[in-house]
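Here the sequence shown is numbered in my numbering, starting from 21 and rising by one per residue. Heads up, the beta-carbon is just placed ideally off N, CA and C, and yes, glycines get one too. Structure, as structure tokens:
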Amino acid sequence: VSLAIVAGTAIVALVCSRARPGQVVMWLKPFIWLFILVAAFGVMFTRTGDVLWAAGLITVTTDGVAFAGESMLRFTCMVLGTSSLMFTTSPEALTAGIAGVLAPLRRVGVKVDNAVLALSLTMQFIPVVSDEFERARRAHGARAEREDEGLVKRLRAYGAVFSPVFANAL
């Protein structure tokens, strides 16, 4: 029941944000590998329920499949809810809202202003780093070999991109 409420809330947030289906797919696309990982762990490490398939150490059970599905749905709802919030709310308004929520913690000695300042700087810094990464990736791609040469070479190529990204961003 609680998962259905969360899923319904995420759907309502998407409808209210007027996000296009293409945007929703773009929001979910970076997390596909994480969805697969969550599902795989849920299926492989849940041992209760009826056995659907077994091979060596890997056993797929009905409870494992159900747990994997629920975990993926929870994670999807979290990504969609967060994405629709960031889509409809400016970073300044979001920071002000968080400052308002955290304000009562001042009474117990928490330095709320420092946390809000850190959050504000982080939210402003993310687009800068993203732009720098894209610029460095394109420049490196123009100089580097083809990208279909293997995972290890591609990881090394991205490693060469990170150094100028952080130098330029800082």
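Self-check item: L122 vs A113 beta-carbon contact at 8 Å
Solution: Numbered from 1 along the sequence shown, position 102 holds the residue referred to as residue 122. Numbered from 1 along the sequence shown, position 93 holds the residue referred to as residue 113. For L122 and A113, no; Cβs fall outside 8 Å.
Exercise. Output yes or no for whether 8 Å exceeds the beta carbon distance between W47 and V128.
Key: Locating residue 47 in the sequence shown gives position 27, where the first residue counts as 1. Locating residue 128 in the sequence shown gives position 108, where the first residue counts as 1. Going by beta carbons, W47 and V128 fall outside the 8 Å limit.
Self-check item: Per-residue DSSP class, three states only, for L77
Solution: The residue labelled residue 77 in the question sits at position 57 within the sequence shown. L77 falls in the coil class under three-state DSSP.
Quiz item: If we ignore side chains and look at the alpha-carbon of each, how far apart do W73 and T82 end up?
Solution: As a working note, residue 73 is residue 53 in the sequence shown. As a working note, residue 82 is residue 62 in the sequence shown. Straight-line Cα distance between these residues: approximately 10 Å.
Quiz prompt | Reduced DSSP category for V45 - H, G, I as helix; E, B as strand; rest coil | solution = Your numbering for residue 45 matches position 25 in the sequence shown. The answer is helix: DSSP assigns V45 an H, G or I state.
Practice problem: Tell me, to the nearest whole angstrom, how far the beta carbon of V58 is from that of M92; I am working on the premise that it is less than 8 Å. | Solution: Within the sequence shown, numbered from 1, the residue matching residue 58 stands at position 38. Within the sequence shown, numbered from 1, the residue matching residue 92 stands at position 72. Rounded, the Cβ-Cβ distance is 6 Å, consistent with contact.
Self-check item: Local Cβ density within 10 Å of T29, reported as buried at 16 or more and exposed below that
Solution: As a first step, residue 29 must be located in the sequence shown, where it is residue number 9. Under this definition T29 is an exposed residue.
Exercise. Taking F51 as part of the alpha helix (DSSP H), name the residues at either end of that continuous run.
Key: Indexing the sequence shown from 1 puts residue 51 at position 31. Looking at the DSSP string, F51 is not in any alpha helix (DSSP H), and its letter there is neither H nor E.
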